[in-house]
Structure formats: C-alpha cells, structure tokens
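Asker:
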Amino acid sequence: MSNRRTFLMSLTAGVVALGLVVGSANADELMGVITKVDSSAKKLTVEEKGTDKEIEVTVNDDTEWVTPKGSSKLDLEKLTKNIEKAKEKGGKGVRATITHEKGVASKITVAAKKKAAN
72 MSNRRTFLMS LTAGVVALGL VVGSANADEL MGVITKVDSS AKKLTVEEKG TDKEIEVTVN
132 DDTEWVTPKG SSKLDLEKLT KNIEKAKEKG GKGVRATITH EKGVASKITV AAKKKAAN
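Heads up: the sequence shown begins at 72 in my numbering, then just goes up one per residue.
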C-alpha cells in the first residue's frame, strides 16, 4: 500500500514539475533597448539587439519591472524619464531584457550599468 502511494506521489510531482517547465518555456525573451513609451496605449518600442529592428511590446498592470535593486510594478512615466536621461547622455534608451508572450510583456529586466574602468 505505501509502495503505491510513494509511486503516485512521485508521479504527481513529476507531472507538476514538467508542467511548470513547459509553461515557462512558452515565454519569449527579447533583448534590446527600450527607445519609446506610449503611455496611453501601454506600448513600448524596443530596438532588438543585433538587428536594429523596432518591435512593439504591450504592457499591462501585471508587468514586473526588475532592476539590480529589486522588483516592482512597471511605472511608465518613470520609464519615460529614464529613457530621456539616457538619450541626453548620448544613448539610444534603456537596455533591457523583456520576457513576453504573444507581444504582452510579463517581466522587464533592466541591464546593469557597466562601470567605467579605472
């Protein structure tokens, strides 16, 4: 009796683990520079790394903003200001990795700034 129960528990745990792996594998990652923010339409324009192709990604209230300091909900106004600051310094925008599914971003991870060599 306990042999069957152990087997059933192991089988169930394996199926759940497989489901989690497959579920996270469906999301795509887009690496590049966020160049524009359309707050009213909740869209970001991302210039893809290596191709210089512009891709529009939609964000929603559940989109997570991840920085080296921690994570929070995405604030589009703050992101717009960060892009403007980056452009003033001569950059294209904010470097980031966007995890999305069917064009809707679930997580935006900001790339850490490179420190200047001393």
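Even for Gly, the Cβ is constructed at its ideal location relative to N, Cα and C.
1. Identify which residue in Thr129, Lys144 and Gly103 has its Cα closest to the Cα of Ser163.
2. What's the gap between the Cα of Lys144 and the Cα of Glu127?
3. Looking at Glu118 and Glu125, is the spacing between their C-beta atoms short of 8 Å?
4. Applying the criterion that 16 or more other CB atoms from any shown protein chain within 10 Å of the CB defines a buried residue, is Asn189 buried or exposed?
5. Nearest CA to the CA of Leu190: which residue from Arg76, Val108, Met80 and Val86?
6. Which residues does DSSP pair with Gly141 in a beta bridge?
Answerer: With the structure as the only source:
1. One point to set straight first is that residue 163 is Lys, not Ser, in the sequence displayed. Out of Thr129, Lys144 and Gly103, Gly103 has the C-alpha closest to the C-alpha of Lys163.
2. Lys144 and Glu127: Cα-Cα distance of roughly 19 Å.
3. Glu118 is positioned such that its CB atom lies closer than 8 Å to that of Glu125.
4. Note on Asn189: pLDDT 47, under 50, position unreliable in the model; the coordinate value appears next. It counts as exposed.
5. Any answer about residue 190 is impossible in this case: the structure gives the chain only from 72 up to 189.
6. Bridge partners of Gly141: Thr138.
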